[in-house]
Amino acid sequence: MAVNTENLYLSVDQVARRFGVSKDSIWRWKRNGEFPKPFKLGGATRWRLSDLEEWESQLICGFVASLDVDALMVR
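In this note's numbering, the protein residues as written are 2 to 76.
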């Protein structure tokens, strides 16, 4: 059975672990508008997993689009 990521929300600790960065980095990305918008749930800040996955997919596409494969080839 597939999990509906629209209903899963992550704390800043969980988001930081997911991306391998500090909590300060997550707050900075949010402040700079470089990160999905969080939600307030019961007074706590949470990010929807589906929004994070969408953001990740855009990063991967951006990386692949700018990757110079010829430069990586060992000759």
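Built from N, CA and C at the ideal position, the CB exists for glycine as well.
CB-CB under 7 Å to residue i, same chain, minus the five flanking residues each way: which ones, in chain order?
i	result
Ala66	Annotation note: pLDDT 49 at Ala66 (below 50); position unreliable, no value reported.
Closest by CA to residue i, which one among the options?
i	options	result
Ala45	Tyr10, Val4, Glu57	Tyr10
Ser12	Leu42, Val4, Trp30	Leu42
Asp14	Arg47, Ser58, Glu54	Arg47
CB-CB under 8 Å to residue i, same chain, minus the five flanking residues each way: which ones, in chain order?
i	result
Trp56	Phe36, Pro37
Phe64	Per-residue confidence for Phe64 stands at a pLDDT of 48, beneath the threshold of 50, marking its modelled position as unreliable; no derived number is given.
Asp52	Pro37, Lys38
Ala17	Ser23, Lys24, Ser26, Ile27
Buried or exposed, going by whether 16 or more other CB atoms sit within 10 Å of the CB of residue i?
i	result
Leu60	exposed
Arg29	exposed
Arg49	buried
Per DSSP, residue i forms a beta bridge with which residues?
i	result
Ala45	Leu42
Leu11	Trp48
Tell me which same chain residues have a C-beta within less than 6 Å of the C-beta of residue i, skipping the five on either side of it?
i	result
Phe40	Arg47
Glu7	Ser51
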